[in-house]
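A.B. asks:
Protein chains: 2
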Amino acid sequence: MRATTIHAPGDIRVTEVPDPVLKRPTDAIVRVTAGCVCGSDLWPYRGENPIKAGATIGHECIGVVEEIGDEVTTVRPGDFVVVPFCHCDNTCAHCRAGMQSACVNLGITSSGQAELARVNQADGSLVALPEAPPEDLVASVLTLADVMPTGWHAAVSAGVAPGSTAVVVGDGAVGLCGVLAAVTMGAEKVIAMSRHASRQEVATAFGATHVVAERGADGIAAVREITDGVGADAVLECVGTNDAMTTAIEVARPGGGVGFVGVPHGVELPVGTLFSRNVGLRGGMAPVRRYLPELLDLVLERRIDPGRVFDLTLPLEQAAEGYRAMDERRAIKVLLRP
Amino acid sequence: MRATTIHAPGDIRVTEVPDPVLKRPTDAIVRVTAGCVCGSDLWPYRGENPIKAGATIGHECIGVVEEIGDEVTTVRPGDFVVVPFCHCDNTCAHCRAGMQSACVNLGITSSGQAELARVNQADGSLVALPEAPPEDLVASVLTLADVMPTGWHAAVSAGVAPGSTAVVVGDGAVGLCGVLAAVTMGAEKVIAMSRHASRQEVATAFGATHVVAERGADGIAAVREITDGVGADAVLECVGTNDAMTTAIEVARPGGGVGFVGVPHGVELPVGTLFSRNVGLRGGMAPVRRYLPELLDLVLERRIDPGRVFDLTLPLEQAAEGYRAMDERRAIKVLLRP
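Keeping their order, the protein sequence lines are chains L and W.
The first sequence begins at 0 in numbering that gives the first Met the number 0 and counts up by one.
The second sequence begins at 0 in numbering that gives the first Met the number 0 and counts up by one.
(1) Alpha carbons only, please: which of L:ALA54, L:GLY206, L:ARG288 and L:ALA221 is nearest the one belonging to L:ASP88?
(2) Using a Cβ-Cβ cut-off of 8 Å, state whether L:PHE274 counts as contacting chain W.
(3) Any beta carbon from chain W within less than 8 Å of L:ARG252's own beta carbon?
(4) Would you say L:ALA96 lies against chain W (beta-carbon separation less than 8 Å)?
(5) Would you kindly report the start and end of the unbroken beta strand (DSSP E) that includes L:CYS359?
(6) Figure out for me which residue from L:VAL222, L:ASP78 and L:VAL137 has the closest Cα to the Cα of L:ARG336.
(7) Counting along the chain, where does the alpha helix (DSSP H) carrying W:GLY174 start and finish?
(8) Roughly how many angstroms lie between the CA atoms of W:GLU249 and W:MET284, to the nearest whole one?
(9) Applying a beta-carbon distance threshold of less than 8 Å, which residues of chain W neighbour L:ARG328?
(10) Since L:LEU280 meets chain W, which of its residues come closer than 8 Å, beta carbon to beta carbon?
(11) Measure the C-alpha to C-alpha separation of L:VAL126 and W:VAL140 and round it to an integer number of angstroms.
(12) Can you find at least 3 beta carbon pairs, one from the stretch 162 to 182 of chain W and one from the stretch 201 to 208 of chain W, that sit closer than 8 Å?
(13) Beta-carbon within less than 7 Å of W:VAL74's beta-carbon, same chain only, minus the 5 sequence neighbours each way: which residues are those?
(14) With a threshold of 8 Å between beta-carbons, can W:HIS86 be considered close to chain L, or not?
(15) Quick one: what's got a C-beta closer than 6 Å to W:HIS209's C-beta in the same chain, skipping five residues either side?
(16) L:THR234 and L:VAL166 look like a contact to me (Cβ under 8 Å); what is the Cβ gap, rounded to whole Å?
(17) Which of the three DSSP states is assigned to W:PRO17 in this structure?
(18) Considering only DSSP beta bridges, list what L:GLY258 is partnered with.
(19) In its own chain, which residues sit with a C-beta less than 6 Å from the C-beta of L:VAL159, not counting the 5 before and 5 after it?
(20) Please classify W:ILE11 as buried or exposed, where buried requires at least 16 other C-beta atoms within 10 Å of its C-beta.
(21) Return the CA-CA distance between W:GLY162 and L:GLU293, expressed in angstroms with no decimal places.
(22) Just to confirm, is the Cβ distance from W:ALA96 to W:PHE259 under 8 Å?
(23) Quick check: the Cα distance between L:GLY46 and L:ILE303, rounded to an integer number of angstroms?
(24) So does the stretch 94 to 108 of chain W actually touch the stretch 50 to 65 of chain W, counting three or more Cβ pairs closer than 8 Å?
(25) Considering Cα atoms alone, identify which of W:TRP151, W:GLY265, W:ALA54 and W:ASN104 is closest to W:THR25.
(26) Below 8 Å on the Cβ atoms is my guess for W:ALA330 versus W:LEU311; work out the distance and round it to an integer in Å.
(27) For W:HIS93 and chain L, any beta-carbon pair shorter than 8 Å?
(28) Which residues in chain L sit within 7 Å of W:PRO133, going by Cβ to Cβ distance?
(29) Below 7 Å, is the gap between the Cβ of L:ARG1 and the nearest heavy atom of the ligand GTP?
(30) List the endpoints of the continuous alpha helix (DSSP H) containing L:THR272.
(31) Between which two residues does the beta strand (DSSP E) holding L:LEU334 run?
(32) Are at least three pairs of beta-carbons, each pair with one atom in the stretch 211 to 218 of chain W and one in the stretch 264 to 276 of chain W, less than 8 Å apart?
(33) Could you check the C-alpha separation between L:ALA33 and L:LEU334 for me, to the nearest Å?
(34) Excluding the 5 residues flanking L:THR55 on each side, which residues of the same chain have their C-beta closer than 7 Å to its C-beta?
(35) In chain order, what residues of the same chain lie with their CB nearer than 7 Å to the CB of W:GLY382, ignoring the 5 residues before and after it?
(36) Looking at the unbroken beta strand (DSSP E) that takes in W:ALA209, where does it start and where does it end?
Structural data, given as structure tokens:
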């Protein structure tokens with residue numbers, strides 16, 4: 000099949016690789032109809048994570064079930080499915096506790112930017128739609144593989160509640176989905192911290208009530224002012240750097256919560272500050288399958304439109320340009336069509 | 000008045016100091032009928048916190064209102080009151096959000112081991128009993144000034160819920176109150192990590208279902224075994240050292256929560272572990288006033304008996320012996336009577 004592969008920092012290609020095959024009776028193979036590039040794909044692209052030269056890359060996709068293992072019972076070939084980037088059996092103790100991203104049978108999509116992807120634990124992971132989504136919903140359905148549930152997880156972890164004040168640190172696709180999540184959960188004030196006009200626009204379209212363009216101390220001061228000096232009830236940290244975490248903790252009110260979903264890179268947590276201000280911290284890899292049914296309903300009922308985070312669609316063969324566009328911040332998020 | 004004063008590490012005396020006076024119209028003076036030594040008083044006693052030679056010490060007390068400022072309306076001289084160690088106006092934004100320990104008018108009891116104590120923000124802080132408690136309830140009522148609400152805060156911060164599994168790291172008075180809090184909140188399994196027979200006994204009396212005497216890797220393994228390899232839903236970290244925090248995080252299940260109330264000394268938070276296991280962290284100085292009315296009811300109805308953490312009662316004049324007994328772990332907690 001044709002698949003996006005990474006060979007070195009900055010070196011993304013679309014090459015011919017062996018088709019994925021069923022390895023276990025609980026696997027399924029999905030023919031990808033849409034995949035995309037994730038902000039976290041940029042870590043290896045920028046040489047900040049190790050690379051296995053020639054490996055396929057991409058963990059977000061949707062598509063049609065092509066083949067199923069002998070033990071798969073809940074989906075069948077021809078079904079249109081969302082593929083959560085983290086696969087789970089949805090029956091183990093961690094899954095039952097709602098933490099499917101810690102499933103004892105955890106798997107991760109490894110060829111989402113390709114023609115075919117293998118899914119472990121197909122029964123526990125895949126969620127089928129009644130039929131293939133109409134063209135104008137493809138982008139929003141695709142966000143359900145990762146970026147929208149991840150923004151949702153940030154909001155859940157931060158403790159967003161109806162009537163609350165939320166701040167979102169980070170204006171990447173996850174941050175913007177975090178804005179949409181906070182608004183959908185009923186937050187009254189939603190403050191998006193964003194410097195880029197195109198992203199501010201999406202944040203506002205998603206329902207952000209305030210945009211703070213400043214960073215660092217100025218950004219913290221701006222949020223304090225908007226919150227009458229109190230700070231925010233809930234803060235979504237959607238970047239993963241130390242600066243973003245510092246800002247997130249500083250803008251939370253005493254007793255508030257920070258939900259963090261950006262993979263931490265160089266973050267040092269200030270335990271003294273957390274303690275002295277009773278700021279809670281919670282986050283990690285999103286248990287996508289937990290949120291998926293509810294979010295899929297919201298998308299299919301057209302009550303949320305997270306697909307707006309995609310501002311560039313390319314044929315799969317142009318994946319390298321997609322990475323460049325995101326790396327250079329010319330695009331928020333790139334959709335790839337095989 | 001007679002008051003406990005600290006002069007150098009290990010040097011506790013009971014000396015004559017000026018009576019506290021009303022400084023603001025919102026203050027009250029309380030005649031202390033019972034005070035006590037807190038685990039956190041041992042930090043300066045052991046030279047690990049700075050000392051101002053001759054300063055009064057002690058932040059936990061109960062007693063009778065002696066005098067009130069002009070603006071105080073909710074208590075009057077003669078009322079028997081619990082004095083939360085952190086004073087608050089109970090009206091500011093932080094208080095209204097339930098985080099009274101971050102009140103904009105925060106005060107701290109500074110002569111709880113003495114004959115008299117000044118309370119700032121008397122209206123927002125003091126909770127009066129219908130009458131002086133019977134002698135056998137004095138110890139339990141005294142715990143409401145700090146140690147019981149602090150254990151309660153650990154349980155709230157950790158997210159203890161009915162039917163959950165809780166682990167308590169630390170068998171000091173706060174940890175033991177944490178056991179009682181988790182049991183009272185309906186946790187089904189409550190695992191007390193304790194090496195000392197006398198403390199294990201109190202933990203069991205408070206309702207702990209399991210006691211783990213091992214520490215470090217062995218202790219973690221023991222908890223994992225009790226929880227069928229899953230880990231605990233909620234962990235109360237009631238010490239404040241790096242070892243205790245490490246244990247707390249390791250015994251939490253993915254998606255579980257750690258509530259920490261021991262003032263952190265040398266704690267380094269492992270952000271990668273928190274992220275990879277979605278373990279939440281929340282804690283700090285307890286908003287005593289928030290929990291006080293509910294806990295006072297439980298004590299007066301004799302449904303909880305946190306006073307069992309006191310295993311030594313001394314006259315105020317023997318405060319130095321009280322410190323020694325706690326420092327040498329001959330006593331769990333020492334009650335002082337002026």
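By construction, the Cβ of each residue, glycine as well, lies at the ideal position given by its N, Cα and C atoms.
C.D. replies: Quick look at the numbers:
(1) Taking the first residue of the first sequence as position 1, residue 88 of chain L is located at position 89. Between L:ASP88 and the set L:ALA54, L:GLY206, L:ARG288 and L:ALA221, the nearest pair of CA atoms involves L:ARG288.
(2) Sequence index remark: in the first sequence, residue 274 of chain L carries index 275 (1-based). Yes, L:PHE274 counts as interfacial toward chain W.
(3) Here residue 252 of chain L refers to the residue found at position 253 of the first sequence. It does: the Cβ of L:ARG252 has a partner Cβ on chain W nearer than 8 Å.
(4) Taking the first residue of the first sequence as 1, we reach residue 96 of chain L at position 97. Judged by the 8 Å Cβ criterion, L:ALA96 is in contact with chain W.
(5) Only positions 0 to 337 of chain L appear in this structure, which leaves residue 359 of chain L out of reach.
(6) As a first step, residue 336 of chain L must be located in the first sequence, where it is residue number 337. Just measuring C-alpha positions, the residue of L:VAL222, L:ASP78 and L:VAL137 sitting nearest L:ARG336 is L:VAL137.
(7) By one-based count along the second sequence, residue 174 of chain W stands at place 175. First-last of the alpha helix (DSSP H) with W:GLY174: 172 to 183.
(8) Here the question's residue 249 of chain W lines up with position 250 in the second sequence. Here the question's residue 284 of chain W lines up with position 285 in the second sequence. When rounded, the separation of the alpha-carbon atoms in W:GLU249 and W:MET284 is 23 Å.
(9) For the purposes of this step, residue 328 of chain L is taken as residue 329 along the first sequence, with counting starting at 1. The premise fails here: L:ARG328 is roughly 25 Å from chain W at the closest Cβ pair, so nothing lies under 8 Å.
(10) For the purposes of this step, residue 280 of chain L is identified with residue 281 of the first sequence, where counting begins at 1. By Cβ distance, chain W contributes LEU273, GLY279, LEU280 and ARG281.
(11) Numbered from its first residue, the first sequence carries residue 126 of chain L at position 127. Numbered from its first residue, the second sequence carries residue 140 of chain W at position 141. Going from the Cα of L:VAL126 to the Cα of W:VAL140 covers about 55 Å.
(12) Yes, the stretch 162 to 182 of chain W is in contact with the stretch 201 to 208 of chain W.
(13) Translated into the one-based positions of the second sequence, residue 74 of chain W becomes position 75. ALA27, VAL64, ILE67, VAL80, ALA121, LEU125 and ALA127.
(14) Walking along the second sequence from the start, residue 86 of chain W turns up at place 87. Residue contact with chain L for W:HIS86: absent (no Cβ-Cβ distance below 8 Å to any residue of chain L).
(15) Your numbering for residue 209 of chain W matches position 210 in the second sequence. Non-local C-beta neighbours of W:HIS209 in its own chain, meaning closer than 6 Å and more than five positions away in sequence, comprise ILE190 and ILE225, ordered along the chain.
(16) As a position in the first sequence, residue 234 of chain L is number 235, starting the count at 1. As a position in the first sequence, residue 166 of chain L is number 167, starting the count at 1. At residue 234 of chain L the sequence reads Val, which differs from the Thr that was named. Yes, they are in contact, since the Cβ atoms of L:VAL234 and L:VAL166 sit about 5 Å apart, within 8 Å.
(17) Looking up residue 17 of chain W in the second sequence gives position 18. In the three-state reduction of the DSSP assignment, W:PRO17 falls in the coil class.
(18) By one-based count along the first sequence, residue 258 of chain L stands at place 259. L:LEU235 and L:ARG281, per the DSSP bridge assignment.
(19) On the first sequence, residue 159 of chain L is found 160 positions in, with the first residue counted as 1. These residues qualify, in order along the chain: ALA165, ALA181, MET184, ALA186 and ALA233.
(20) As a first step, residue 11 of chain W is located in the second sequence; it is residue number 12 there, counting from the start. It counts as buried.
(21) Start at 1 with the first residue of the second sequence, and residue 162 of chain W comes out as number 163. Start at 1 with the first residue of the first sequence, and residue 293 of chain L comes out as number 294. About 26 Å.
(22) Working through the second sequence from its first residue, we reach residue 96 of chain W at position 97. Working through the second sequence from its first residue, we reach residue 259 of chain W at position 260. Contact flag unset, no.
(23) Position 47 of the first sequence, counted from the first residue, corresponds to residue 46 of chain L. Position 304 of the first sequence, counted from the first residue, corresponds to residue 303 of chain L. Taking the straight line joining both Cα atoms gives about 35 Å.
(24) Under the three-pair Cβ rule at 8 Å, the stretch 94 to 108 of chain W counts as touching the stretch 50 to 65 of chain W.
(25) Start at 1 with the first residue of the second sequence, and residue 25 of chain W comes out as number 26. The shortest CA-to-CA distance from W:THR25 to any of W:TRP151, W:GLY265, W:ALA54 and W:ASN104 is the one to W:ASN104.
(26) Counted from its first residue, the second sequence places residue 330 of chain W at position 331. Counted from its first residue, the second sequence places residue 311 of chain W at position 312. The beta-carbon distance between W:ALA330 and W:LEU311, rounded to whole angstroms, is 4 Å. This is short enough to meet the 8 Å contact definition.
(27) In the second sequence, the residue the question calls residue 93 of chain W occupies position 94. At least one chain L Cβ lies under 8 Å of W:HIS93.
(28) In the second sequence, residue 133 of chain W corresponds to position 134, counting from 1. The contacting residues do not exist; W:PRO133 stays about 35 Å from chain L at best.
(29) As far as ligands go, the structure on display features none, and thus does not contain the ligand GTP.
(30) Stepping through the first sequence from its first residue, residue 272 of chain L is reached at position 273. Segment 270 to 276, the alpha helix (DSSP H) holding L:THR272.
(31) Along the first sequence, one-based indexing puts residue 334 of chain L at 335. Run containing L:LEU334: 333 to 336, per the beta strand (DSSP E) assignment.
(32) Touching, no, given that fewer than three Cβ pairs across the two stretches are closer than 8 Å.
(33) The residue given as residue 33 of chain L occupies position 34 in the first sequence. The residue given as residue 334 of chain L occupies position 335 in the first sequence. Computed Cα separation, rounded: 7 Å.
(34) Taking the first sequence and counting its residues from 1, the one referred to as residue 55 of chain L is at position 56. So the qualifying residues of the chain are ALA2, THR3, THR4, VAL16, SER109, SER110 and ALA113.
(35) For chain W, the structure presents residues 0 to 337; residue 382 of chain W sits outside this window and is missing.
(36) Position 210 of the second sequence, counted from the first residue, corresponds to residue 209 of chain W. It is His, not Ala, that sits at residue 209 of chain W in the sequence shown. From DSSP, the beta strand (DSSP E) with W:HIS209 extends over 209 to 211.
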